[in-house]
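K.L.:
If you use our numbering, the sequence shown closes out at 670, no skipped numbers anywhere. Every residue, glycine too, gets a C-beta built ideally from N, C-alpha and C. This is the structure I have questions about; it appears just below.
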Amino acid sequence: MTAVTQTVRCTLVVLLTAILVVSVAPAVATDMGQAAAAQVTPATYQDVLDNRLFTHDGDDRGYGPEHDLARTNIQWSMASFGLTVTLEPFEYSGDTYYNVVGTKLGTTYPDQEYIVGAHFDSVNNPGADDNASGTAAVLEAARVLSQYDAEYTLRFVAFDREEQGLRGSDAYVTAHITDDILGMISADMIAYNTGAQSIDIYGRSSSNTIKFALATAVETYGDGLASALHGSFDASDHAPFEWAGFPACLFIEDWGNPNYHTQLDSVDTPNYIDYVYATQLTRIVVGYLVDNAHVNVTMADGDFNADGFVDLVDFGEFDFCYTGAGGGPIDPTCEPGDFDADGDIDCADWLQFRQRWTGPPVDPPFYADCDLDCNNNSIADDLDIANATSPDCNANAIPDECDVSGGTSADCNVNAVPDECDLSSGTSQDCNANAAPDECDVDGGTSTDCNINDVPDECDLSSGASQDCNANAAPDECDIADGTSPDVDGNGIPDDCELAAPAASILGPRYLSVTVQPPTLAIPVALLLVGDPADADVSCVSAYVQATGELGAIPVYQTAAEWGTIAVYGEQVIPSTTYTVTTETETGVSMESGEVLTWQWGDVNNNGDISFVDINLVVRGFQGDFADADREAVDLVPCLPNSDINFADINADVAAFQGMDYWHTECAAPCP
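The structure is reproduced here in structure tokens:
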């Protein structure tokens, strides 16, 4: 809310000609409105407020990088929802600022529109309530409603420079003065709950249509909240719309936030932000737009609450409607469960319901009169096989674990997979091609296993399970055990395989090699190799991996005399895996020089996902705060590990969030 709000409001509340606490007749939520509103949860709302809008202690969305990054996050979020997104510029105090506008065109009345907006700037503080809370509501409404067609056009707008006198919203109205705007809601401060369990709605009498419609939505979707209707109040972004003759209103929490326009307006302030309350208010906005813009929230068969999933919530409705194996008449509300439209809900419908199941595989309930469950895992056998919860590799229509327990198939290696399936599915190897799982060969004596690694000796070499460095067709550890090769130093390596470690002073062409195991996934990662403890001439290294998982040749290392290209050996690397790094001279002699840990490029907190949390951590690194992340993890620009964290690193993580690979740029300057 704009900086003049507190003073103006204290005056206006006294002067208002009427303050009406709305108590309308109980409204019945439409199925579509309820289905859309239910998709906003405290968890989804908190994710936006905490992780995308820079609302933590020390953050500042007034001016500077966090203000601009928040605007960029809003823009990308709207674009990720499939909205048409534009940045609409306006001038203020000699600088250019932008409103972010996301549009979903109406299918029937594209020239008539409903707008929900909020300002994303703050008064040089985190602005968690004023007004990241309203901005988060706009983004949540955009996320949910962008999935569906609406008869009327929907616009989701994040205004800038509200705190300097409604500059962004005034510029927007000026630019759109000829638009046919049927209603506009300004969501401004909706996350601090005074305990009154109410919401205030402000607007002139000319805006009564939208005010009363929104009050009805409070009654319908507010889960017990009350609404209070007030007169005009020109201290938020709805005001320029009203000045221009458009129906508009302010949607705001009950007044009394003690942290208004202070540094304590932060999500880190204890017991401050009420995420449940903010979720209730966001659901009200979503329900209002569904009912008034005629959003067609589609409800698929089996999806009773139209949230896009068929899960335990829907099963509760299905089970209530289920008429048993013999069938019977159903209530009209049960129609989403009548898949074959025969007027009852029986086993045939149950089988269809299970096929549409989107919940965890262990969750689908078990109907004894419709389903068989030979493996007693509370999942019908045909569903086990159909959704691969249980495999049926030998295609006999029996889950493999039932084959073994029932004696239908043998399981000599006791891995709960029929032996004939082990080989065809690759669960077990058969490197010696005798049609028996290798681990059964050894146990049964079909093959020998001198090194006791559960791999037949003739398979060790071909599969790489053991080495044969002296090329005598015997695993190296077997050489020593049977005396074929000596091992004087007792390190488990045949003496004729060992080479003396070179001195650190050896110069000449060098290469860095990384020994890796075959990964299960090819993920773009950055492998940071910083320094070489064994060789003072190598000062620092930063090696990167292609999106295919293949190691690239872009990075360089510095010797005392010249720059050279790194050659990294190995096919792929896996995030969060420690690898041994060795230097290799031109003579091929190797020595261990340290270990490194890999992580996905841009995934600063190394949790397997690149999100706004990672961008925030890089920003904190830029500010000198490395408490929650490794310095190397936030230093994303190639070739400069352990250098200062700057805007280049912030931009790099933003690029990673957008799905780009690592920077394909050769190191521009020597490593320090």
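Need the endpoints of the alpha helix (DSSP H) that Asn432 sits in, please.
P.N.:
By one-based count along the sequence shown, residue 432 stands at place 434. Run containing Asn432: none; DSSP gives neither H nor E here.
K.L.:
Considering only DSSP beta bridges, list what Pro245 is partnered with.
P.N.:
For the purposes of this step, residue 245 is identified with residue 247 of the sequence shown, where counting begins at 1. For Pro245, which the question treats as bridged, DSSP gives no partner whatsoever.
K.L.:
Tell me whether Asp177 counts as near the ligand ADP, meaning its Cβ is closer than 6 Å to at least one heavy atom of that ligand.
P.N.:
As for the ligand ADP, it is missing from this structure, which has no ligand bound.
K.L.:
Where does Arg354 sit, in a helix, a strand or coil, going by DSSP?
P.N.:
Along the sequence shown, read from residue 1 onward, the residue named residue 354 stands at position 356. Of the three classes helix, strand and coil, the one that applies to Arg354 here is coil, per DSSP.
K.L.:
When the Cα atoms are used, what is the spatial distance from Thr106 to Tyr112?
P.N.:
Start at 1 with the first residue of the sequence shown, and residue 106 comes out as number 108. Start at 1 with the first residue of the sequence shown, and residue 112 comes out as number 114. Using only the alpha carbons, I get a separation of about 14 Å.
K.L.:
Excluding five sequence neighbours on each side, which residues of the same chain lie with their C-beta closer than 6 Å to the C-beta of Pro108?
P.N.:
On the sequence shown, residue 108 is found 110 positions in, with the first residue counted as 1. Hits under 6 Å: Thr151.
K.L.:
Using C-beta distances below 7 Å, list every residue in its chain close to Ala77, excluding the 5 sequence neighbours before and after it, in chain order.
P.N.:
As a working note, residue 77 is residue 79 in the sequence shown. Excluding positions up to five away in sequence, the list reads Val83.
K.L.:
Which stretch, first to last residue, makes up the beta strand (DSSP E) that contains Ala185?
P.N.:
Working through the sequence shown from its first residue, we reach residue 185 at position 187. Note, Ala185: beta strand (DSSP E), 178 to 185.
K.L.:
Do the CB positions of Val121 and Glu160 come within less than 7 Å of each other?
P.N.:
Here residue 121 is taken as the residue at index 123 of the sequence shown, counted from 1. Here residue 160 is taken as the residue at index 162 of the sequence shown, counted from 1. Cβ distance not < 7 Å, so Val121 and Glu160 don't count as in contact.
K.L.:
Would Pro714 and Asp474 be called neighbours here (beta carbons separated by less than 7 Å)?
P.N.:
A query on residue 714 cannot be resolved here, the shown segment of the chain reaching from -1 to 670 and no further.
K.L.:
When burial is assigned at 16 or more other CB atoms within 10 Å of the CB, is Tyr61 buried or exposed?
P.N.:
Translated into the one-based positions of the sequence shown, residue 61 becomes position 63. Tyr61 comes out exposed.
K.L.:
Under a Cβ-count criterion, where at least 16 other Cβ atoms within 10 Å of its own Cβ denotes burial, should Gly606 be classed as buried or exposed?
P.N.:
Translated into the one-based positions of the sequence shown, residue 606 becomes position 608. By the 10 Å Cβ count, Gly606 comes out exposed.
K.L.:
Taking 7 Å as the limit between beta carbons, can you name the residues of its chain near Gln145, skipping five residues before and five after?
P.N.:
Against the sequence shown, residue 145 aligns to sequence position 147. Taken in chain order, the list of residues that qualify is empty.
K.L.:
What is the residue span of the beta strand (DSSP E) that Arg159 lies within?
P.N.:
By one-based count along the sequence shown, residue 159 stands at place 161. Arg159 -> no beta strand (DSSP E), and no H or E assigned at all.
K.L.:
Quick one: any contact between the segment 134 to 144 and the segment 195 to 208, if contact means 3 or more CB pairs under 8 Å?
P.N.:
Cβ pair count under 8 Å is below three, so no.
K.L.:
On the three-pair Cβ rule with 8 Å, is the segment 87 to 94 touching the segment 27 to 46?
P.N.:
Segments in contact, no.
K.L.:
Please report the distance separating the alpha-carbon of Ser426 from that of Asp420.
P.N.:
Walking along the sequence shown from the start, residue 426 turns up at place 428. Walking along the sequence shown from the start, residue 420 turns up at place 422. Between Ser426 and Asp420, the C-alpha separation is close to 5 Å.
K.L.:
Could you check the C-alpha separation between Thr576 and Asp289 for me, to the nearest Å?
P.N.:
By one-based count along the sequence shown, residue 576 stands at place 578. By one-based count along the sequence shown, residue 289 stands at place 291. The predicted position of Thr576 is uncertain, since its pLDDT is 48 and thus under 50; a value taken from the coordinates is nonetheless stated next. Cα-Cα distance, rounded: 55 Å.
K.L.:
Please confirm if the segment 164 to 180 is in contact with the segment 64 to 71, defined as three or more CB-CB distances below 8 Å between the two stretches.
P.N.:
At 8 Å Cβ cutoff, the stretches do not touch.
K.L.:
Just confirm the distance between the C-beta atoms of Val99 and Val155, as a whole number of angstroms; I'd bet it's less than 8 Å.
P.N.:
On the sequence shown, position 101 is the one that residue 99 refers to. On the sequence shown, position 157 is the one that residue 155 refers to. That pair is a contact at about 5 Å.
K.L.:
Do the CB positions of His236 and Ser196 come within less than 7 Å of each other?
P.N.:
Locating residue 236 in the sequence shown gives position 238, where the first residue counts as 1. Locating residue 196 in the sequence shown gives position 198, where the first residue counts as 1. Going by C-beta atoms, His236 is not nearer than 7 Å to Ser196.
K.L.:
Tell me the rounded alpha-carbon separation between Thr406 and Trp348.
P.N.:
Taking the first residue of the sequence shown as 1, we reach residue 406 at position 408. Taking the first residue of the sequence shown as 1, we reach residue 348 at position 350. Each residue's alpha carbon lies about 29 Å from the other.
K.L.:
As a quick exercise: from Val265, Gln73, Asp57, pick the residue whose alpha carbon is nearest that of Asp48.
P.N.:
Along the sequence shown, read from residue 1 onward, the residue named residue 48 stands at position 50. Comparing Cα positions, the closest option is Val265.
K.L.:
How is the beta strand (DSSP E) around Phe88 delimited, first residue to last?
P.N.:
Position 90 of the sequence shown, counted from the start, is the residue given in the question as residue 88. From DSSP, the beta strand (DSSP E) with Phe88 extends over 82 to 90.
K.L.:
I'd like to check one pair, Gln44 with Tyr365: are the Cβ atoms closer than 7 Å?
P.N.:
By 1-based counting over the sequence shown, the position of residue 365 is 367. By 1-based counting over the sequence shown, the position of residue 44 is 46. It is not a contact, given that the beta carbons lie outside the stated cut-off.
K.L.:
Contact between the segment 452 to 459 and the segment 426 to 441 is defined here as three or more beta-carbon pairs at a separation below 8 Å; is this criterion met?
P.N.:
Yes, the segment 452 to 459 is in contact with the segment 426 to 441.
K.L.:
So, for Pro416: in the same chain, excluding its five sequence neighbours on each side, which residues have a beta-carbon less than 8 Å away from its beta-carbon?
P.N.:
The sequence position of residue 416 within the sequence shown is 418, counting from 1. Hits under 8 Å: Cys391, Asn392, Asp398, Asp401, Val402, Thr406, Ser407, Ala408, Asp409.
K.L.:
For a test of the three-state rule: what should DSSP assign to Ala130, helix, strand or coil?
P.N.:
Locating residue 130 in the sequence shown gives position 132, where the first residue counts as 1. Three-state result, Ala130: helix.
K.L.:
Where does Gln656 land, buried or exposed, given buried means 16+ other C-beta within 10 angstroms?
P.N.:
Here residue 656 corresponds to residue number 658 of the sequence shown, with the count starting at 1. It counts as exposed.
K.L.:
Please name the residue, chosen from Asp340, Gly229, Asp29, Asn191, that lies closest to Asn257 on a Cα-to-Cα basis.
P.N.:
In the sequence shown, residue 257 corresponds to position 259, counting from 1. Here the closest residue by C-alpha is Asn191.
K.L.:
Quick check on the DSSP output: what are the complete beta strand (DSSP E) runs of length 3 or more inside the segment 403 to 484, in order along the chain?
P.N.:
Segments of the beta strand (DSSP E) lying fully in the segment 403 to 484: there are none.
K.L.:
Please tell me whether Pro124 and Asp57 are closer than 7 Å, where the distance is taken between their beta carbons.
P.N.:
Locating residue 124 in the sequence shown gives position 126, counting from the first residue. Locating residue 57 in the sequence shown gives position 59, counting from the first residue. Yes; because the gap between Cβ atoms is below 7 Å, this pair is in contact.
K.L.:
From this set, Asp158, Leu51, Ser464, Ala126, which residue's C-alpha is nearest Thr267's C-alpha?
P.N.:
Taking the sequence shown and counting its residues from 1, one reaches residue 267 at position 269. Thr267 has its Cα closest to that of Ala126, out of Asp158, Leu51, Ser464, Ala126.
K.L.:
Ser230 by DSSP, collapsed to three states: which one?
P.N.:
As a first step, residue 230 must be located in the sequence shown, where it is residue number 232. Three-state result, Ser230: coil.
K.L.:
If Asn71 sits next to Phe610, beta carbons under 8 Å apart, how far is it from one beta carbon to the other, in whole angstroms?
P.N.:
The residue you call residue 71 lines up with position 73 of the sequence shown. The residue you call residue 610 lines up with position 612 of the sequence shown. That belief holds up - the Cβ atoms of Asn71 and Phe610 are roughly 6 Å apart, short of 8 Å.
K.L.:
Output needed for Met(-1): all residues of its chain with C-beta closer than 7 Å, excluding positions within five of it in sequence on either side, in chain order.
P.N.:
Along the sequence shown, one-based indexing puts residue -1 at 1. Answer for Met(-1): Asp128, Asn129, Asp186, Met187, Ala233, Ser234, listed in chain order.
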